[in-house]
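>
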Amino acid sequence: MTERVMRLREQSLNATETLTAERAQLITRFYSSREAVGLSAPLLRARAFEYLLQNKAICINEGELIVGERGPAPKATPTYPEISLHSMQDLEILDGREKVSFRVDDEVKRIYSEEIIPFWKGRSNRDRIMERMTPGWLAAYKAGIFTEFQEQRAPGHTVLGYKMFLTGFLDLKREIADAVASLDFRNDPQAYDRNEELKAMEIACDAIIMYAGRHADALEALAAEEKDEERRGELKGMAALCRRVPAHAPRTFHEMLQHYWFIHLGVVTELNPWDSFNPGRLDQHLWPVYKEGIESGILTPEEAYELLGCFWVKFNNHPSPPKMGVTAQESNTYTDFCLINLGGVKPDGSDAVNGMTCILLDVIREMRILQPGSMIQVSRKNPDLFIHKALDIIRTGFGQPSVFNTEAIIQELLGQGKSIVDARNGGASGCVETGAFGTECYWLTGYFNLVKILEVTLNNGFDTRTGVLVGLNTGDPSTFSSFDDLMLAYREQVNHFADIKIRGNNIIEKTFAFHLPVPFLSLLLEDCIANGKDYNAGGARYNTTYIQGVGLGSITDILTSIKYNIYDMQRFTWQEMLTALRNNFEGAEEMQYEMIYKTPKYGNDDDYADAQAVVVFEIFHDAVTGRPTPRGGTHRINMLPTTSHVYFGNVTGATPDGRKARVPLSEGISPFQGVDRQGPTAVINSAAKIDHLRTGGTLLNQKFSPEFFEDEESYGKLIALIRSYFSLNGHHMQFNVVSADTLREAQKHPELYRDLIVRVAGYSDYFNDLGEDLQNEIIRRTGHGEM
Amino acid sequence: MKGLIFSVKRYAIHDGPGIRVTFFMKGCPLDCWWCHNPEGKAAGQVTTERIERIGEREFRSEELVGMEYTPGEVLAKAERDRVFMEHSGGGVTFSGGEPLMQPQFLVEALSLLRIAGFHTTVDTSGYAPPDVMKSVLEYTNLFLYDIKLLDPHAHRKFTGVDNRLIISNLDMLLEEGAEVVLRIPVIPGVTAERDFMEQLRQFIESRRGGRISGISLLPYHKTGSSKYRRFGLPDRMERYSQVSNGHLDDYMEILQPLGIHVRKGG
């Protein structure tokens, strides 16, 4: 690491997260100006984007080589009142809370109370959504049956493809002109809509070029004042670069990084898409331009390495937009889920590991910062050495990179109807979500609490916590003569809530298509221009809408316990069990003990238990997969929790697996904390029994103590473990390498462990930033090496 | 024919090459002071008390140590992890206890596994009738063979049996061309001595004609002591400490000239 990168990295690590009212104020001024009156939605959004880029402060940090910040300073985080409006109380909470706080100064509070809140109150998209949801949706949402992603953020989950690394925005303007020229106003009833959208896209092109130009101006001004000759040269060079990209296609390594960064800023300034946009298959994208630079002598490996360090810091300067209300608990992190993909296969199907893969792994190891996150795609065709190098980083307990199965990703995408080349260009974004990069608009819409739905089933449709009838009256379980009766009732309830959720999704999708087009993001995704259609309206080549199932391990153990203890072994009756659950096992500790210690559990390669995982998976899959969405896409499932399993556990009472009320549920497709007692091969076998290929991603968390990484031989065995899981079509596996003792120490002395990063669920976070319950859960998770 | 097994370990990564499933078999003719698996010593099933906790509260239950397996059940268990074995060059290991205490079952299980294409390993004290040792030879890819002490008196003192049979069985295996990894428990006050390691080097040197493919130094760990408490057995190692890493490196150096791969741990 050069001194420059070290300094920038320190600066980024030490910067305080603040909330800035800059964007909120600009967007409010624009929306209330004359300019905004009478515009169609695409043009309104395009002009708003232009206004933001024209007026937002330009920030150039000392010594940096890649320029541009989302806010006016590193870690100054903007808000998006047109999506959701923070109340004064929200601001107080964000400012004051112990974990993941955002400093909110008095000036920001003043602007909010005088300008932002009066204008947007009752007019944000969140208000629009809540107004349009049915009482059934609202009741289920309040009960904690599901969450809603688009309530506080715009749809995202989109990753850039290679095309944009080879294309300038002037090129896109030519594409737009062609699309406009081919509009057929005589025969195409949507020609007018397309024309508006294309005009909006063109404005967005000009806006981003203008924004780069403002950076060039600022850099030139700085250069004029700069005393240090070397830095003056750098500033001049960077200014020239900002005059060139993103207007033109980048020609050099430096240009390519800066080009991407402007695109990134455009996307996250236009709206706040879930989950943060990212460059995708970065080793593939950068390798040709790197090689060319080295061969022609205009680039040295040291220069490239330094530029990458500068590039990495930029991501870390951008915490995730501050949340509000219940979402703060659901997903309580600064991480904005940029996930750099390495490895995998090329468009022709051959091994994609290259020199840049190794360089980027070195960057990840050395930078050791929260964002961007990273993952390796492991294909049969990739060499072991590649996994080995990744394990070198994983073993340090950093939690990155996570490990994905290229062949599974490709098959998942093919199963959804993507072309083989688009599938090979795909990967995972966010936590583990499969997508075709550069061509697919895939939305995640909310976590779906598979455990809570069983609780509702056991209570004949009622939510015991709120006392409200949220589900269907499927009968008192004590009248069920067989386990199959229970499963029929459960299936009915899952279908019922999937219906409610999908109905809501379809309305919410429309609110975005109608009110919040994203002409800039639409430029980046193939075929939005050709279709003259917005990203939020189905313009992309592929469109998918996901619902994320949560609590597979828990629900499996719960159903297994009911089958085993009530029907097969007849250890206790329904009445006894339901009473014990109501009393949170007070006075029924013996029963709780039998449920925990004397009942088969998921994660031990026990077919008796694992069979229930398969049944639940199929029920959930059938309820969701294949249902159409308004933008011409399809609903599908994936199995990941982020941190929602903590929130979902919190709203769920005691359960028949012996879990007490409010305790977190299992996460992803991992076993419930601590119940896997047969080691990692058994966990893998259990997890592989569901059909990963019919999902858009599953998350398997395996905790290992450092001794599993002690020598070459242990590495070989871990590589074999990964390859085995992947040969069984497993989608993803992540390693948490840390000892429980270290974590306990960290809880006691947080000040001494400020750098401690752990894998939470598909992403890493600072241990100190996690809530105490999540910290405790991570400590509890079985460390296989400590068994 | 059934075998009595007291534990099955999956993702066993110290009991032979690759990822393995290890079956720990009941019964052992030796009585080593440092035994890590005292529950495996008695030949029959034993019951013990198991204590499990929920919060502060303890729950006690009876636990049977020793489960009956047919060779077919062993095969079925191994099949579950075949994919891991194939990717890692692993297989199945029989340990104990002393697996050769249940020779008929062992031969049947080994032959079933071999027919099904599994790599097989027998982890043995070497203390078995020569014909029993011979009977598993055909179905065993690798022997993990313990050399505990070289001096017969000391051997008798610390393990309860004479070592001459052990040494002659080893020579027989080497004669027959079996692949053998020697496992040397490094016990403070017993074998954790430079002198012993020098003697050991000579002992191995004189057997260089055989297929000794590795030497594992197994440092004594205190992990066994909680088991002794649990099973109500006296812990004769109480006053002994653990072996330091530095000493272990010294011993490895002594054995290095043999040109055989020496490693710490399994």
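Taken in order, these protein sequences are the chains called A and B. So in the numbering used here, the last one in the first sequence is 787, and the numbering has no gaps at all. So in the numbering used here, the last one in the second sequence is 266, and the numbering has no gaps at all. Every residue gets a Cβ at the ideal spot worked out from N, C-alpha and C, and that includes glycine.
#1: From what residue to what residue does the beta strand (DSSP E) around A:SER402 run?
#2: Any beta carbon of chain B sitting closer than 8 Å to that of A:GLY762?
#3: Smallest Cα separation from B:PRO185: which of B:HIS87, B:PHE84, B:ILE215 and B:PHE94?
#4: Bridge partners for B:SER7 per DSSP, in chain order?
#5: Could you spell out the range, first to last residue, of the alpha helix (DSSP H) harbouring A:ASN505?
#6: May I have the straight-line CA-CA distance separating A:ALA352 from B:HIS14, to the nearest angstrom?
#7: Please go through the segment 31-87 of chain B and give each complete beta strand (DSSP E) segment of 3 or more residues, from N-terminal end onward.
#8: Do A:LEU516 and A:LEU271 come within 8 Å of each other at the CB atom, strictly closer than that value?
#9: Report the residue ranges of all alpha helix (DSSP H) runs contained in full by the segment 590-670 of chain A; include only those spanning at least 4 residues, in chain order.
#10: Closer than 8 Å, CB to CB, is B:TYR11 near chain A or not?
#11: A:GLN548 bridges to which residues according to DSSP?
#12: Out of curiosity, what's the CA-to-CA distance linking A:PRO401 and A:TRP261?
#13: Could you tell me which chain C residues have their CB closer than 7 Å to the CB of A:GLU589, listed as they occur along the chain?
#14: Just to confirm before moving on: does the CB-CB distance between A:ALA179 and A:ALA530 stay below 8 Å?
#15: In whole angstroms, what is the alpha-carbon distance linking A:LYS291 and B:GLY246?
#16: Using the beta-carbon count (16 or more within 10 Å), is A:TYR192 buried or exposed?
#17: Got a sec: which bits of the segment 81-109 of chain B sit with their beta carbon under 9 Å from any beta carbon on chain A, in order along the chain?
#18: Going along chain B, which residues have a C-beta under 8 Å from A:ARG395?
#19: For A:GLY144, is the classification buried or exposed, using 16 other Cβ atoms within 10 angstroms of its Cβ as the cut-off for buried?
#20: For chain A, find out if any of its Cβ atoms is closer than 8 Å to the Cβ of B:ILE51; answer yes or no.
#21: Using a C-beta to C-beta distance shorter than 9 Å, which residues of chain A count as neighbours of B:GLY117?
#22: Express the C-alpha separation of B:SER206 and B:PRO257 in angstroms, rounding to a whole number.
#23: For A:VAL494 versus A:ILE669, is the C-beta spacing smaller than 8 Å?
#24: For chain A, find out if any of its Cβ atoms is closer than 8 Å to the Cβ of B:ILE19; answer yes or no.
#25: Between the Cα of A:GLY63 and the Cα atoms of A:MET6, A:GLY415 and A:VAL663, which residue gives the shortest distance?
#26: Output, in chain order, the set of chain B residues within a Cβ distance shorter than 9 Å of A:ALA682.
#27: Rounded to whole angstroms, what is the Cα-Cα separation between B:CYS35 and B:ARG263?
#28: What residue does the alpha helix (DSSP H) around A:ASP178 start on, and which one ends it?
#29: Please specify which runs of the alpha helix (DSSP H), each continuous and at least 4 residues long, are wholly inside the segment 98-123 of chain A, giving them in chain order.
#30: Should A:ILE558 be flagged as near chain B, meaning a C-beta pair shorter than 8 Å?
#31: What residue range does the alpha helix (DSSP H) around A:ARG128 cover?
#32: I'd like to check one pair, A:TRP312 with A:MET367: are the Cβ atoms closer than 8 Å?
#33: If distances are taken between C-alpha atoms only, which option among A:GLY553, A:GLY532, A:ILE558 and A:THR643 comes closest to A:ALA181?
#34: Taking the alpha-carbon positions, what's the A:MET787 to A:SER554 distance?
#35: Less than 6 Å between C-beta atoms, sequence neighbours within five positions excluded: which residues of the same chain meet that for A:TYR447?
#36: Quick check on the burial criterion: 16 or more other C-beta atoms within 10 angstroms. Buried or exposed for B:LYS157?
Reading off the structure:
#1: 402-405
#2: The predicted position of A:GLY762 is uncertain, since its pLDDT is 46 and thus under 50; no value can be drawn from it.
#3: B:ILE215
#4: B:PHE24
#5: 483-515
#6: 34 Å
#7: 46-54, 57-65 and 67-69
#8: yes
#9: 607-624 and 644-650
#10: yes
#11: A:TYR447 and A:ASN638
#12: 22 Å
#13: Included in the structure are the protein chains A and B, with no chain C among them.
#14: yes
#15: 47 Å
#16: exposed
#17: ASP81, VAL83, PHE84, MET85, GLU86, HIS87, SER88, GLY89 and GLY90
#18: The contacting residues do not exist; A:ARG395 stays about 15 Å from chain B at best.
#19: buried
#20: no
#21: Per Cβ cutoff of 9 Å: no residues; B:GLY117 is ~16 Å from chain A at best.
#22: 13 Å
#23: no
#24: yes
#25: A:MET6
#26: ARG10, TYR11, ARG80 and ASP81
#27: 20 Å
#28: 169-181
#29: 106-111 and 117-120
#30: no
#31: 125-132
#32: yes
#33: A:GLY532
#34: Its pLDDT being 36, under 50, A:MET787 is placed unreliably in this model, and the value from its coordinates should be taken loosely. Cα to Cα, A:MET787 sits roughly 21 Å from A:SER554.
#35: THR147, GLN548, VAL550 and SER644
#36: exposed
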